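Everything on this sheet refers to the single structure shown next.
This is how it looks when you write it as structure tokens:
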């Protein structure tokens, strides 16, 4: 495990906590060092702060993805706005956690990343005739561009990364919505409806009692 965090006390606390859970942990205290270690080390995942000396966390993860390096990345930030979370996911991070955070939650998110592993994802996500280009923040259906709001885009990107899997409402709320805001219980259903209207009703299946699944039958 690689922890890239410039707050030395937090980095050490994370290292000790993760070691207590059985992980071998290396620390980097700035962006360039973290990028170098991620490139050349054999790590299962990386915990990456956004605000780093020398090179921001956004730039670190963009550099790794540009090099086709799919090390799972859990991004940490003191910024808790939805646009900040969207930026983190857009640049290639797999998950985003705002400070201050619970170590128990961080550990659960980390284990979820490790269970999913590091698939060789293309830079442009494609499912059927649905395409999402994170670098250009562009979504197309059958070659025609579709304009999405920030929330719709974040929801679609997460579902495309899990294409074919059933994703629960709870998981979507945890990973797409800002934990600090009050979210209506039916928020996921509402935004699923928005996406269906823009992308086609066949794109998203409702799996009764379980959640939603993105399928290849975009229309």
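Numbering (my numbering), first residue to last: 74 to 292.
For each residue, glycine too, the CB sits at the ideal point set by N, CA and C.
The model shown is predicted, which means the values in this text are computed figures rather than measured ones.
Drop a sphere of 10 angstroms on the beta-carbon of residue 220, count the other beta-carbons inside from all chains shown, and report buried for 16 or more, exposed for fewer.
exposed
With H, G and I counted as helix, E and B as strand and the rest as coil, what does DSSP make of residue 283?
It is coil, neither helix nor strand.
Give me the Cα-Cα distance between residue 138 and residue 167, rounded to the nearest whole angstrom.
11 Å
Within 10 Å of its beta-carbon, does residue 274 have 16 or more other beta-carbons around it, so buried, or fewer, so exposed?
Residue environment analysis places residue 274 among the exposed positions, since fewer than 16 neighbouring C-beta atoms fall within 10 angstroms of its C-beta.
Would DSSP call residue 233 helix, strand or coil?
helix
Given a cut-off of 8 Å, decide if residue 107 and residue 135 are closer than it, judged by their beta-carbon atoms.
no
Would you check if there are 3 or more beta carbon pairs closer than 8 Å linking the region 106–121 to the region 144–153?
When Cβ pairs closer than 8 Å are counted between the two stretches, the region 106–121 is seen to touch the region 144–153, the count reaching three or more.
Taking only three categories from DSSP, how would you classify residue 171?
strand
Could you tell me the boundaries of the alpha helix (DSSP H) in which residue 85 lies?
Note, residue 85: alpha helix (DSSP H), 81–93.
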